[in-house]
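Q:
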Amino acid sequence: MAMTDSWSDDFALNLFNVKDKVVVITGGNGTLGAAYARTFALHGAHVIVTARNSSTLDEVVASTQGTEGSCVAYSSDVTDRTSISRLVGEIDRKYGHIDVLINNAGMAFRAPAEAMPEDKFEHVMSVNVTGTLIPCQEFGKYFMKQGHGKIVNTSSVRGFCGHPDGYTAYAASKAAIDNLTKQLATEWSIKGVKEGFAININAIAPTLIKSPLTQEICEDPDRIAPFLARLPMGRVAETKDMVGLVMMLSASASNFINGQVIYVDGGCTAG
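Take 1 as the starting number for the sequence shown in the UniProt record's numbering and just add one per residue.
#1: Can you round the beta-carbon distance between Pro149 and Phe139 to whole angstroms, since I take them to be within the 8 Å contact cut?
#2: For Asp10, count neighbouring Cβ atoms within 10 angstroms of its own Cβ and tell me buried if that reaches 16, exposed if not.
#3: Quick check: Asp165 and Pro226, are their CB atoms within less than 8 Å of each other?
#4: Between which two residues does the beta strand (DSSP E) harbouring Thr130 extend?
#5: How about Thr168 and Ala113: do their beta carbons lie closer than 8 Å?
#6: State the Cα-Cα distance for the pair Gln183 and Asn255, rounded to the nearest angstrom.
#7: Ordered along the chain, which non-local residues of its own chain (more than five positions away) have a Cβ less than 8 Å from that of Ile257?
#8: Ordered along the chain, which non-local residues of its own chain (more than five positions away) have a Cβ less than 7 Å from that of Ile134?
#9: At the level of alpha carbons, what is the spacing between Ala73 and Leu32?
#10: For Tyr263, which of Lys174, Ala237, Val157 and Asp241 has the nearest alpha-carbon?
#11: Mind checking whether Met144 and Ile204 have CB atoms under 8 Å apart?
#12: Would you mind reading off the limits of the alpha helix (DSSP H) that contains Lys191?
#13: Please check the pair His97 and Val22, which I expect to be a contact at CB under 8 Å, by giving their CB distance rounded to whole angstroms.
#14: Taking only the alpha-carbon atoms, compute the straight-line gap between Gly27 and Val49 and give it to the nearest angstrom.
#15: Roughly how many angstroms lie between the CA atoms of Thr214 and Leu245, to the nearest whole one?
#16: Answer with buried or exposed for Ser8, where buried requires no fewer than 16 other C-beta atoms within 10 angstroms of its C-beta.
#17: Could you check where the beta strand (DSSP E) with Val47 kicks off and where it finishes?
#18: Taking all protein chains shown into account, decide if Val60 is buried (16 or more other Cβ within 10 angstroms of its Cβ) or exposed.
#19: In the DSSP assignment, find the beta strand (DSSP E) that holds Ser75 and state where it starts and stops.
#20: When the Cα atoms are used, what is the spatial distance from Arg230 to Asn179?
#21: Considering only the beta carbon of each residue, do Ser70 and Ser54 sit closer than 8 Å?
#22: Ordered along the chain, which non-local residues of its own chain (more than five positions away) have a Cβ less than 7 Å from that of Asn14?
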């Protein structure tokens, strides 16, 4: 079989290799953040988990003990540019390079659309959208100087389709993240060709994920029924359904994937 000049067995064998990569995970104290941290550490990556209060990350760091990689916790506020800029500098001084940013910090507030308080709407938009933009900008500037980097944003199927359960602010914020991802990918790809850097930025868009935060919904037959009705695979997502895609988007296997919002939704958006 004829191969192109860029093909090699070494490339093929390392498509999903993240060993020694420096991976930053915002919102590292959540269910997904913890799963990402342990998975990357098991594969030999150096993981940095962040949250406003670093003490909430103790269990996450402890869960990675004995793995091939490492994990440390930092305190940072994704809505504060100074905080994120400082974080970039501290990580660079410690490791000398940064390879992956996973924007996992976020929140939701549920209320009927006609009664959604403006301050709550603005707070959700601040945490979810501005809290994605600022890390993208600060780590993006670092990646430009370094010459490469990968960013994985966290969206949701709610950014694509609504739900009759009061997700006005959340849905709007995730739609914004979808288009932010596409815009940054387009702009930075063109800029990168001219200036000699490559940044891949994509987003994952899960459906409802089973976690302590969603336990009330998952265990309430009336509330879970509308979700299940839109899931052809007949179940809600679990954290293990997310980690494989995030790993792939962080590795060389995704080098030609850019500006994509990838649904991990059991077929929810297929029909």
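Every residue, glycine too, gets a C-beta built ideally from N, C-alpha and C. Predicted model, so just to flag it, every value in this text is computed and none were measured.
A: On the basis of the coordinates in this document:
#1: The question names Pro, but residue 149 in the sequence shown is Gly. At roughly 7 Å, the Cβ-Cβ gap stays under 8 Å, so Gly149 and Phe139 are in contact.
#2: exposed
#3: yes
#4: From DSSP, Thr130 is part of no beta strand (DSSP E); its letter is neither H nor E.
#5: Closer than 8 Å, so yes.
#6: Roughly 18 Å separates the two Cα atoms.
#7: Apart from the 5 residues on each side of it in sequence, Ile257 sits with its Cβ closer than 8 Å to the Cβ of Asn200, Asn202 and Leu249 in its chain, given in chain order.
#8: Val78, Thr79, Arg81 and Ile84
#9: 15 Å
#10: The shortest C-alpha separation from Tyr263 is found at Val157.
#11: no
#12: Thr168 to Glu195
#13: 6 Å
#14: 7 Å
#15: 21 Å
#16: exposed
#17: His46 to Ala51
#18: buried
#19: Ser70 to Ser75
#20: 24 Å
#21: No, Cβ-Cβ distance for Ser70 and Ser54 is not below 8 Å.
#22: Ser252
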